[in-house]
Amino acid sequence: MPITIKSPREIELMREAGRILEIVHQELGKALHPGMTTGQIDALGEEIIRSYGCTPSFLGYNGYPASICVSVNDEVVHGIPGPHRFIREGDIVSLDAGVIYKGYHSDAARTHGVGEISEEAKKLIRVTRESFFEGIKYAREGNHLFDISAAIGRYAESFGYSAVRDLCGHGIGTALHEAPEIPNYVMNRKGVLLKAGMTLAIEPMINAGRYEVDWMDDDWTVVTRDHSLSAHYENTVLITDGDPVLLSGQNEHP
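Residue numbers (this note's numbering): 1180 to 1433.
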């Protein structure tokens, strides 16, 4: 699949999708509290998405049964929300969400601490977010794709953490997952040359322990093999001939 270069009109539609998705994340972050179920998080997320005239990107995608991926503690990504999973004080919760606005997707993830969390959990969440911003220093025309990957991986590893290798970021546009795939660790090659108009979902998934992961019996939920904590941070990013533009998280800064 070729990498698509977006037109100015397409970029504006994706910018609006990202603006709405940022609101979704802000509202979910404010609502998250001990005692609520992951199913309640999902229901609220879908309600907010639809209130803006958007469709959830994830609902029904390859059979995924929910609108918001809710992953707790050692769950890396793709946790399936439900009525019997309760959020507890001290948990860390990764929320991954996507919206479709007039045919164009935006994809973003945030990890939140619930109530009082451990210092180690706070550090992991912070470093995961920072690794994203280290990576996008290289997200500009003329650099290579795996410059981003290397910067993310090296930053996370400098704290003794590891980047998940079995999952990666991706291109995004009229499809949720487009070319190219974007690893979060050092590669032995350069990757494609970045060009203005590319739109990428860059998403460090960082484990406090080793990088190996397993899939649970539901065939969706990914967990750390050593049961260490994991955090996730993602934005939809536009490549330009200057600084990258966050199409989601337009108010996010390093």
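Note that CB positions come from ideal geometry on N, CA and C, so glycine has one too.
{"Asked": "E1206 - containing alpha helix (DSSP H), residue span", "Found": "1187-1210"}
{"Asked": "For H1323 and K1369, the rounded distance between their alpha carbons", "Found": "6 Å"}
{"Asked": "For F1265, the residue or residues it bridges with in DSSP", "Found": "T1216"}
{"Asked": "Boundaries of the beta strand (DSSP E) in which Y1283 is found, first to last residue", "Found": "1283-1292"}
{"Asked": "Anticipated Cβ contact below 8 Å, I1182 with G1321, distance rounded", "Found": "That belief does not hold up - the Cβ atoms of I1182 and G1321 are roughly 15 Å apart, past 8 Å."}
{"Asked": "Status (buried if at least 16 other CB within 10 Å, exposed otherwise) for K1281", "Found": "exposed"}
{"Asked": "Nearest-angstrom Cβ-Cβ length linking M1377 and I1418, presumed shorter than 8 Å", "Found": "4 Å"}
{"Asked": "Sequence-distant residues of the same chain with beta carbon closer than 6 Å to S1341, five excluded per side", "Found": "N1386, R1389, Y1390"}
{"Asked": "The region 1355-1369 / the region 1296-1304 touching (three or more Cβ pairs under 8 Å)", "Found": "no"}
{"Asked": "Buried or exposed (CB count within 10 angstroms, at least 16 for buried), R1188", "Found": "exposed"}
{"Asked": "Cutoff 6 Å; reference V1424; Cβ partners in own chain excluding five residues on either side", "Found": "L1417"}
{"Asked": "Buried or exposed by the 16-neighbour rule on C-beta atoms within 10 Å, applied to R1289", "Found": "buried"}
{"Asked": "Contacts around R1383, its chain only, beta-carbon distance under 6 Å, and the 5 residues preceding and following it disregarded", "Found": "The sequence given here has Pro at residue 1383, not Arg. Counting only Cβ-Cβ distances below 6 Å, and skipping sequence neighbours, we find T1307, S1310, F1311, I1331, N1363, Y1412."}
{"Asked": "Residues of its chain near K1374, where Cβ-Cβ distance is below 7 Å and the 5 sequence neighbours each way are ignored", "Found": "I1184, E1320, I1418"}
{"Asked": "Whole-Å CB distance - I1259 paired with A1245, under 8 Å assumed", "Found": "6 Å"}
{"Asked": "Three-state secondary structure assigned by DSSP to D1221", "Found": "helix"}
{"Asked": "Contact check, L1458 vs G1208, beta carbons under 9 Å", "Found": "Here the chain has residues from 1180 to 1433 only, and residue 1458 is not among them."}
{"Asked": "Beta strand (DSSP E) segments (min. 3 residues) lying fully within the region 1357-1400", "Found": "1357-1361, 1378-1381, 1384-1386, 1392-1394"}
{"Asked": "Cutoff 6 Å; reference S1393; Cβ partners in own chain excluding five residues on either side", "Found": "Note on residue identity: the sequence assigns Asp, not Ser, to residue 1393. Contacts found: V1402, R1404."}
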